[in-house]
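Right, one structure below, let's go through it.
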Amino acid sequence: MTERPKILVVDAGPSPGEGHETRKSGTATIKTRDGRHDDGSFSRIKMMTQIFTCSSAEFVKHHGEAGAKRYLQATKAGLELQKGLAKEVGGEILSEMGSYYVCSPSQRDELKAEYDFLRSLGDCCDDLEFVENMDHVLGACEDFPFAIYFPRDAVIDSSEYAKRLMKRSLASGQCVALYNTRVIGVDDGPEVCTVTLHSGETVYANHVVVATGAMDPLPQLHGLVRPCYSYLAHVPVSPDNAVQQSANFFTWDGSAHDWCFDQGKVRVSGEDHFSAYKDPHLAERSGRLIDWAWEKYGRPSTTPVTEMTHEGITQQFGIYSETPDHAPLVGTRCDESRVCFLVGCNASGQTILSFAASLVPNLLGYRGGKLDESQRDALRLLTIRRFSELPSSF
Ligand SMILES: Cc1cc2nc3c(=O)[nH]c(=O)nc-3n(C[C@H](O)[C@H](O)[C@H](O)COP(=O)(O)OP(=O)(O)OC[C@H]3O[C@@H](n4cnc5c(N)ncnc54)[C@H](O)[C@@H]3O)c2cc1C
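For what it's worth, the UniProt record's numbering labels the leading residue of the sequence shown as 1, then goes sequentially.
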């Protein structure tokens, strides 16, 4: 590269080898059980959701009610931003059916209390509904008859979305991509950032955005960003209960199941919250998800239970990041820094990531260099500077 880039983003999107690497994070990490390449036959979608990645009570413990409101405003804006962009690059990668945060009959009152709390936060949640009869909801499971409905939520083919955005940026001529490379060092200098690639090559940039997900190879964030595994299965179920496509469903009780119908099968995922510095347990964890989907929606054939295996069912895992207070880490460590962080989006990061990314140009002094009032307010929650005791030796 001859000209010094203004902003170098590590990592800006899916690489051509997307889906084939085990030790990468998030969107780019997904690996199938038998290691086969993605031939497009399995689910590539992400749920776009407004809600926190923990209960409201847990989020409020860390950030107060004002912080909870900030998060929900940010995800509300992130949803609109991402849906708008998805429509610009081809709306068929998006399905807007909302999400249902569901519970069993015995948990109805707890879920109602959660709903009342969310509604009390004002306009960030003014369109939520408490649903007491799910009979009309396509793909709903009869074990969960109560729900909070989030009408803005959606489902996106996140892989295709990222690829199309990347293609558009490259076509603009204002952006170049360095494929199949790994950054092993970022030096934050007073005049310029020096970025070292694993090939030994050095690249200079006015600013660097570290958007490396969870497996941060740079020592700066160790301890703050915790890599964890999330598992997925794309499960054929009884034809009596299957639908082609559905809204998102999440369980309220902390058993951490989230699922939707995609291409006529249940796409079910669950985080195990264990360190991704350990080996994954794909067969066991995805196996449990498959059994759960069969318990809820019935098996796809009349084969006796004892003879049913998980063979041939798509099972995947990937790595996402957890932060100590369930919010991402965004921005520079100090005013003089040229390194902007955009990491730690947690388990349901698809939506907050969009919002957080929209802050970056202004944070680095581009596009006029000024955040508007709502962006400034959101930054009070998201800024990396809230971890003020983080060692400053980088
Ligand atoms: C199996 C699974 C299912 C999920 N389902 C959902 C869902 O339905 N809805 C939802 O909202 N969220 C979901 N998530 C979480 C979501 O994927 C993350 O919140 C989101 O991907 C975070 O985006 P990110 O850009 O911060 O990180 P990532 O998507 O992890 O992207 C970081 C990129 O940086 C690259 N990178 C890392 N280090 C380097 C380096 N040194 N040099 C160059 N490149 C580097 C990685 O290869 C990767 O491509 C899921 C996660 C997993 C694992």
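For each residue, glycine too, the CB sits at the ideal point set by N, CA and C.
Host beta strand (DSSP E) of residue i (start-end)
i    : result
G185 : 183 to 188
Y101 : 99 to 103
Y204 : 202 to 205
M320 : Note that residue 320 is Tyr in the sequence shown here, rather than Met. Y320 -> beta strand (DSSP E) spans 314 to 322.
G331 : 329 to 331
L197 : 193 to 197
When the options are compared against residue i, the one with the closest alpha-carbon
i    : options                : result
N362 : G318, G344, H207       : H207
D135 : V102, G122, S120       : V102
L329 : D335, R119, F341, G173 : F341
D188 : E336, P391, E389, D377 : E336
V195 : L8, A154, L390         : L8
N180 : L165, L197, G173, S172 : L197
I184 : V192, V210, K46        : V210
P5   : N133, G173, H63        : G173
K296 : H281, E271, T314, T251 : T251
F117 : S269, A57, E389, R385  : A57
Near ligand 1: residue i beta-carbon under 6 Å from a heavy atom
i           : result
Q350        : yes
M47         : yes
A211        : yes
Y320        : yes
R182        : yes
C175        : no
L329        : no
D11         : yes
S286        : no
L121        : no
S106        : no
S269        : yes
S230        : yes
C72         : The sequence shown places Leu at residue 72, rather than the Cys named in the question. False, no ligand heavy atom lies under 6 Å from that Cβ.
residue 406 : Missing from the structure shown is residue 406; the chain here goes from 1 to 394 and no further.
C260        : no
C345        : yes
L382        : no
L353        : yes
Beta-bridge pairing of residue i - partner residues as DSSP gives them
i           : result
E48         : Per the sequence presented here, residue 48 reads as Met, with Glu not at that position. According to DSSP, M48 bridges with A154.
G344        : Partner(s): none; G344 has no beta bridge.
V131        : A147
R267        : H234, C260
T251        : V102
L8          : V208
T53         : Partner(s): none; T53 has no beta bridge.
residue 437 : This structure gives no information on residue 437, because the portion of the chain shown stretches from 1 to 394.
P227        : S321
Span of the alpha helix (DSSP H) around residue i
i    : result
P361 : 349 to 363
V60  : 56 to 88
Q375 : 373 to 382
I93  : Here I93 belongs to no alpha helix (DSSP H), and DSSP marks it neither H nor E.
E389 : Element bounds for E389: n/a, residue is neither H nor E.
A113 : 108 to 120
Do the segment 347 to 367 and the segment 317 to 328 touch if we need at least three Cβ pairs shorter than 8 Å? yes
At least three beta-carbon pairs within less than 8 Å, the segment 282 to 291 to the segment 230 to 239: yes
With a threshold of 8 Å, are at least 3 pairs of Cβ atoms found where one atom belongs to the segment 73 to 82 and the other to the segment 46 to 58? yes
The segment 146 to 160 in contact with the segment 79 to 97 per 3-pair CB rule at 8 Å: yes
Three or more beta-carbon pairs under 8 Å between the segment 237 to 244 and the segment 256 to 265, yes or no? yes
Is there contact here, the segment 161 to 178 with the segment 139 to 146, by at least three beta-carbon pairs under 8 Å? no
Under 8 Å: do the segment 121 to 136 and the segment 147 to 156 share three or more Cβ pairs, one atom per stretch? yes
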